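Asks:
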Amino acid sequence: MFWNNVIINRPVMVQEKIVVNNRNIPEPMKREIRQRCGFGCVLCGSIIYDYDHMENDWADVREHVSNDITLLCPNHHREKTNNLISREQVVEANKKPFNIENGYSSPYSLNFSGGVAYVVIANNIFTNDSLLNIYGGQVNPFVIPILIDAVPVIAFKIEDEKLLLDITIVNEFNEPIFLVRDNQLVVNSEAWDVDMRGSSLIVREGHKKIVIEMEFCIPNKVIVKKAKIKFNGVVLDLKEDHYILNGKKSGVFSHNALSSLVGFSIGQTNRFPRGVIHIQKVKRCSNV
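Under this note's numbering, think of the first position of the sequence shown as 328, with each following residue one higher.
1. Once the 5 residues before and after Gly367 are set aside, which same chain residues still bring their CB inside 7 Å of it?
2. If you reduce the DSSP assignment to three classes, tell me which class Asn331 lands in.
3. Using DSSP with H/G/I as helix, E/B as strand and the rest coil, what is Ser393?
4. Can you give, in chain order, each stretch of the beta strand (DSSP E) that sits fully within the region 480-519 and has at least 3 residues?
5. Could you name the residues of the same chain whose beta carbon sits closer than 7 Å to that of Asn331, not counting the 5 residues immediately before and after it, in chain order?
6. Just mark Pro479 as buried or exposed, buried being the case when its beta carbon has 16 or more other beta carbons within 10 Å.
7. Exposed or buried, Pro600, counting other C-beta atoms within 10 Å across all chains shown (16 or more means buried)?
8. Are the CB atoms of Val446 and Phe483 nearer to each other than 8 Å?
9. By alpha-carbon positions, which one of Gln607, Phe439 and Asn383 ends up nearest to Ile396?
10. For the pair the region 563-574 and the region 509-522, tell me if three or more CB-CB distances fall below 8 Å.
11. DSSP three-state call for Pro434: helix, strand or coil?
12. Please go through the same chain and pick out, in chain order, the residues whose beta-carbon is closer than 6 Å to the beta-carbon of Gly560, but skip the five residues on each side of it.
13. Taking 7 Å as the limit between beta carbons, can you name the residues of its chain near Asn510, skipping five residues before and five after?
14. Near Gly590, which residues of its chain fall below 6 Å by C-beta distance, leaving aside the five closest residues on each side in sequence?
15. Only counting the same chain, and skipping five residues up and downstream in sequence, which positions put a Cβ closer than 6 Å to that of Lys555?
16. Under 8 Å between the Cβ atoms of Ile352 and His404?
17. Alpha carbon to alpha carbon, what distance is there between Phe558 and Ile504?
18. Where Ile475 and His605 are concerned, what is the direct C-alpha to C-alpha distance, given to the nearest angstrom?
19. Any idea if Thr408 is buried or exposed, counting beta-carbon neighbours within 10 angstroms, 16 or more meaning buried?
20. Only counting the same chain, and skipping five residues up and downstream in sequence, which positions put a Cβ closer than 8 Å to that of Asn597?
21. Have a look at the DSSP bridge pairing and note the partners of Arg531.
22. Give the straight-line distance between the Cα atoms of Ile494 and Lys423, rounded to the nearest whole angstrom.
23. At what residues does the beta strand (DSSP E) containing Pro472 begin and finish?
24. Starting from Asn450, trace the alpha helix (DSSP H) both ways and give me its first and last residue.
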């Protein structure tokens, strides 16, 4: 699913030891652990995980040592706690994390359902809700908040009465960093940082450089809080009250509920209708 030639510049991490009086692992150490483990459980690759002290329990030593901490999904974490997986097995898996070995995470199924979809981008709500009356109560087959060169970058589609989410987040070379296909979420283990906490997801391409920050609101809504979408030389930077296209401030959001099958459309749309905001010609960035 992912190319193997994505080059990610990460800082060289050294063995770090921090004595603390609480269980909270410092954020920089968490990021280093996520990167080392490929953003998922070292045994199965799940992006839903806990931080686990492999050999020395925090309650006994009251310290966080980065090389002694790994990622385990809730199932494997419980198995380790209940002695159904040995510490030695976890240590061995930590040497060859599942996602690092495979290049990408195990697919995680998002539990979207229903026929009405909502995508919130910078306080604008893109939905097919009020269009149901126009189409005689029939559910529309898709809602596409962002369409670039006829490719739905963020989209809900309805197939066989199932609500399915698709998201394509790539780097400047169109190489995938983070994908959702038919509700199956997969991340590239060579990304700079992918941080899944509860129902929220943040993808970063560098320190304080957020590619997308979003929340999955089951059963039928996605909230995009921040995003810097790159695709085919287009850079769409979505802010709270405006958007920036290829470095130039291009418009102001109206903060309304937009019932439209397509929100943003950039370039050719082909079989899709034009968006509420449509930009046919845009100067492409050769190095974004």
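Backbone N, C-alpha and C define an ideal beta-carbon position, used for all residues, glycine too.
Bear in mind that the values here come from a model prediction, so they are computed numbers and not experimental data.
Replies: Reading from the atomic positions:
1. Once the five neighbours on either side are set aside, the close Cβ partners of Gly367 are Ser373, Ile374, Tyr376, Leu398, Phe425, Asn426, Ser432 and Ser433.
2. Since pLDDT at Asn331 reaches only 43, below the 50 mark, its modelled position is unreliable, and the value read off the structure follows with that caveat. Residue state, collapsed to three classes: coil.
3. Residue state, collapsed to three classes: helix.
4. List check, beta strand (DSSP E) in window: 489-497, 503-508 and 511-514.
5. Reliability of the predicted coordinates at Asn331 is poor, the pLDDT of 43 falling under 50, and no value is obtained from them.
6. Looking at its Cβ environment, which holds 16 or more other Cβ atoms inside 10 Å, Pro479 is buried.
7. Here Pro600 is exposed: its Cβ has fewer than 16 other Cβ atoms, across all protein chains shown, within 10 Å.
8. Yes. Within cutoff.
9. Distances from the CA of Ile396 to each of Gln607, Phe439 and Asn383 were compared; the closest alpha carbon is that of Asn383.
10. In short, these stretches do not touch, since the Cβ pair count stays below three.
11. In the structure shown, Pro434 sits in coil (DSSP, three-state: anything other than H, G, I, E or B).
12. Once the five neighbours on either side are set aside, the close Cβ partners of Gly560 are Arg611 and Cys612.
13. Closer than 7 Å at Cβ, skipping near neighbours: Ser436, Leu437, Phe439, Leu491 and Leu492.
14. Spatial neighbours of Gly590 in its own chain (CB-CB distance under 6 Å, excluding positions within 5 residues in sequence) are listed in chain order as Phe453, Pro472, Gly602 and Val603.
15. Non-local C-beta neighbours of Lys555 in its own chain, meaning closer than 6 Å and more than five positions away in sequence, comprise Val538 and Asp564, ordered along the chain.
16. With respect to His404, Ile352 sits apart: the two C-beta atoms are not nearer than 8 Å.
17. If you take the alpha carbons of Ile504 and Phe558, they lie about 12 Å apart.
18. Across the structure, Ile475 and His605 are spaced so that their CA atoms are roughly 10 Å apart.
19. By the beta-carbon neighbour count (other beta carbons within 10 angstroms, threshold 16), Thr408 is exposed.
20. Excluding sequence neighbours, Asn597 sits near Ala477.
21. Looking at the DSSP output, Arg531 shares a beta bridge with Asp520 and Ile537.
22. Ile494 and Lys423: Cα-Cα distance of roughly 28 Å.
23. Residues Phe469 to Ile475.
24. Where Asn450 is concerned, there is no enclosing alpha helix (DSSP H), given that its DSSP letter is neither H nor E.
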